[in-house]
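Undergrad:
There are 2 protein chains.
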Amino acid sequence: MGIHMDLIKTIEWKDDKVIILDQRRLPNEEVYNTYEDYLGVAQAIHGMVIRGAPAIGVAAAMGVALGAMGIGVGTFDAYYEKLIAICNRIASTRPTAVNLFWALDRMKACALANKDRPLNQITEILKAEALGIYSEDIESNRMIGRNGQKLLRDGMTVLTHCNAGGLATAGYGTALGVIYAASEAGKRIHVMADETRPRLQGAKLTAWELQKHGLQVTVIADTMAGHFMKKGKIDAVLVGADRIAANGDVANKIGTYQVAVLAARHKIPFYVAAPVSTIDPKISSGEEVPIEERDPQEVTHIGSIQITPKYVKVENPSFDVTPAELVTAIITERGVCEPPYAESIAQILGTA
Amino acid sequence: MGIHMDLIKTIEWKDDKVIILDQRRLPNEEVYNTYEDYLGVAQAIHGMVIRGAPAIGVAAAMGVALGAMGIGVGTFDAYYEKLIAICNRIASTRPTAVNLFWALDRMKACALANKDRPLNQITEILKAEALGIYSEDIESNRMIGRNGQKLLRDGMTVLTHCNAGGLATAGYGTALGVIYAASEAGKRIHVMADETRPRLQGAKLTAWELQKHGLQVTVIADTMAGHFMKKGKIDAVLVGADRIAANGDVANKIGTYQVAVLAARHKIPFYVAAPVSTIDPKISSGEEVPIEERDPQEVTHIGSIQITPKYVKVENPSFDVTPAELVTAIITERGVCEPPYAESIAQILGTA
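Keeping their order, the protein sequence lines are chains A and B.
Each residue of the first sequence is one higher than the last, beginning at 1 in our numbering.
Each residue of the second sequence is one higher than the last, beginning at 353 in our numbering.
1. When you compare each of B:E677, B:A681, B:I683 and B:P648 to P669 (chain B) by their alpha carbons, which one comes out closest?
2. Within the same chain, show all residues whose beta-carbon is closer than 6 Å to that of A61 (chain A), passing over the 5 residues directly before and after it, in chain order.
3. Among B:A676, B:E488, B:R686 and B:D389, whose alpha-carbon lies nearest the alpha-carbon of A694 (chain B)?
4. How would you write the range of the beta strand (DSSP E) that N33 (chain A) sits in, first residue to last?
5. By DSSP's criteria, K253 (chain A) is part of a beta bridge. Which residues make up the other side?
6. In this structure, what does DSSP give as the bridge partners for R595 (chain B)?
7. For E433 (chain B), which of B:K662, B:I700 and B:K467 has the nearest alpha-carbon?
8. Output, in chain order, the set of chain B residues within a Cβ distance shorter than 7 Å of Y267 (chain A).
9. Taking the alpha carbon of Q553 (chain B) as the reference point, which residue from B:G409, B:V425, B:I606 and B:T509 has its own alpha carbon closest?
10. Identify whether D235 (chain A) lies in helix, strand or coil by the three-state DSSP scheme.
11. I'd like to know whether the C-beta of D320 (chain A) is nearer than 8 Å to at least one C-beta of chain B.
12. Express the C-alpha separation of N33 (chain A) and D574 (chain B) in angstroms, rounding to a whole number.
13. Residues of chain B with CB under 7 Å from T196 (chain A), in chain order?
14. Taking Cβ to Cβ, would you say A603 (chain B) is nearer than 8 Å to V673 (chain B)?
15. So the beta strand (DSSP E) D194 (chain A) belongs to, where does it begin and stop?
16. For chain A, is any of its Cβ atoms less than 8 Å away from the one on T660 (chain B)?
17. Taking Cβ-Cβ distances below 7 Å as the criterion, which residues of the segment 227-260 of chain A are in contact with chain B?
18. Is there a Cβ of chain A sitting closer than 8 Å to that of K665 (chain B), yes or no?
19. Using a Cβ-Cβ distance under 8 Å, would L552 (chain B) count as near chain A?
20. Alpha carbons only, please: which of A:I144, A:D154, A:G74 and A:R146 is nearest the one belonging to R117 (chain A)?
21. Which residues in chain B have a C-beta closer than 7 Å to the C-beta of T218 (chain A)? List them in chain order.
22. Taking Cβ positions, are I268 (chain A) and M229 (chain A) nearer each other than 8 Å?
23. Run through the segment 495-545 of chain B for me and flag every whole beta strand (DSSP E) of 3 or more residues, listed as ranges in chain order.
24. Express the C-alpha separation of V641 (chain B) and S629 (chain B) in angstroms, rounding to a whole number.
25. My assumption, with CB atoms under 8 Å, is that I291 (chain A) sits in contact with T300 (chain A). Please give the rounded CB distance.
26. For A55 (chain A) versus T169 (chain A), is the C-beta distance shorter than 8 Å?
27. Can you check whether the C-beta of L614 (chain B) is within less than 8 Å of a C-beta belonging to chain A?
28. Only counting runs of 3 or more residues, tell me where the beta strand (DSSP E) segments fall wholly within the segment 424-455 of chain B, in order along the chain.
29. Using a Cβ-Cβ cutoff of 9 Å, what residues of the segment 619-643 of chain B are near chain A? List them in chain order.
30. Would I189 (chain A) pass as an interface residue toward chain B - the criterion being a Cβ-Cβ separation below 8 Å?
31. Might you give, ordered along the chain, the residues of its own chain that have their beta carbon closer than 6 Å to the beta carbon of T218 (chain A), omitting 5 neighbours on each side?
32. Using a C-beta cutoff of 8 Å, does K361 (chain B) count as contacting chain A?
33. Can you tell which of B:G584, B:P627, B:S444 and B:A430 has its C-alpha closest to the C-alpha of N493 (chain B)?
34. Alpha carbons only, please: which of A:P95, A:T93 and A:V272 is nearest the one belonging to C337 (chain A)?
35. Measuring only the C-alpha atoms, how far is R551 (chain B) from A78 (chain A)?
36. Does any C-beta atom of chain A lie closer than 8 Å to the C-beta of Q563 (chain B)?
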């Protein structure tokens, strides 16, 4: 057996406050922000203090729990109306990751299921539900790791894009969770991390957490993945997901699609690791996923430095869609889905 | 007819000095450095004050001319020995672009061909030869433009990678020269420029010169090319080259290969524009091209800001090789080569 991976404290519920590791300040500073109200959490999600589909889901749930604590009304209907307003505010932060909406739906359903209880009890139940989503995320990540690590061999070099690690989840990781589970099983895995412009999550976050865990990581520019595949230096690709359609199309960080195209050309397996909560059975193909457009300044500037000439036009779609045909397997906590995905996904969701 | 493009003053010979636009300071500052000796020019090439295969060739020739002016010896043999030392110093600056070696070979051959003349006359002839290389580069760029612009239609969006413009040449451009010629012919072309990490030549240089010429340009991160191709937003790809093998394999800025793979998947033509001096008939395939590895700091830092955690390993190959099978056509000043390249290249070189 290999080493044991500690959890990263991406987000925690403590003394009725939410503590979030400020990912905008990594890797240089490890700063934990404290949020006492849901608006702060909404701003943290929008501003990418916390990011990564599963982590956004946990933050949304904890945000609702914080919000519920502040509702001071007498009837359930008035309480629920305020809860819906809180959920709507949090839902407006980011459009692509489905885990956000999944967590909000679950919090709303939880309140409704307990509508006959006293309101202060409902609030306690909502807090417990948020903590449940947090714990389940860690547990499902560990199961993803166990299911996925069987696909990795000792000595492999695995390319990852963006950050689908402890920092993108409640603390263990999806794509990186598979790497951690392989390491815990004694396999030596070398990770190549695309830097992932514009926000550099690979260079900043993936490198930071792999280094923290003592794993081997090499950062490359996004321009280099094809070159290293051609040179035979990459054995597998492993990424997370922000939303998976019923047909297996995968919405994930911009740049994922082209890595998948490159992997297919070089006959390198392309794996997606994600909890079942990332699957959106309501959409039939990835083309229906709303793609977030972010501030042009993410492209024109790096930190405070402007890299482009002034007034030059830029585009900044934050996600892209990888068609199912390019995906070798989708690793979930309930098992590994293989093509045809319409069937294997329905099976894992229990809707087959 | 459209607009007329002024030359960019990338490099000039003036009063027995070499004036080079410092590309490290673009797009924020337009600063022209003056070099009075060949060592300064060698450092300018090595440090990427000037870059781009054809521009490096011109700078090398002017560097040799500067160096020749400083040789104070009596016999041709002693003169030539010093000239070789100067050439060797300049040759050591960058390994991949063949135009550098081509220009140095041409300067040496010019000296040898005039060995029976007085030395001060040989020096004048070498100056004239360097100026000839400069003028021919502009003329060949304009011919590349005329030959290539026929491939572009009014209203097209063309993706380019790195900078193969006026800044990469004596002033007009190869890949961007084709865009300029199309504009001069009245066609409206929209350019998408990959930012081209690690050194951001697309975001900084290509955006700067297209904006200066009043053309439409949109900068995208290197992670976005595949996404926009999939969305049908890119009609053609047009890049330069640092060295082209006899079989049509193209060494060019890192990231070019993966753009070519993406273009092939989306059935988008992938054009390479380069002068004949970029073709290296001595190498049979791109795998023989020496690939420059540059300072890791280009990846770990952007400007003075460190983006990766400290001590993280990075890779920084500066070029990659695009196999001929992915190249739709190679546009030269003597005509457009199409597959099979072994034949069409031999024909253009007159070695068929």
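Backbone N, C-alpha and C fix where the C-beta goes; we use that ideal spot for every residue, glycine too.
These figures come from a predicted structure and were not determined experimentally.
TA: This is what the structure holds:
1. B:P648
2. A103, M107, A130 and I133
3. B:A676
4. Y32 to Y35
5. A:F319
6. B:A603
7. B:K467
8. Checking the sequence shown, residue 267 (chain A) turns out to be Lys, not Tyr. Here the premise fails: no neighbours, minimum Cβ distance about 13 Å.
9. B:I606
10. coil
11. yes
12. 32 Å
13. T575
14. yes
15. H190 to D194
16. yes
17. H227, K230, I254, G255, Y257 and Q258
18. yes
19. yes
20. A:G74
21. K665, V666 and E667
22. yes
23. 509-512
24. 15 Å
25. I291 (chain A) to T300 (chain A), Cβ: 20 Å. No contact.
26. yes
27. yes
28. none
29. I643
30. no
31. M192
32. no
33. B:P627
34. A:V272
35. 57 Å
36. yes
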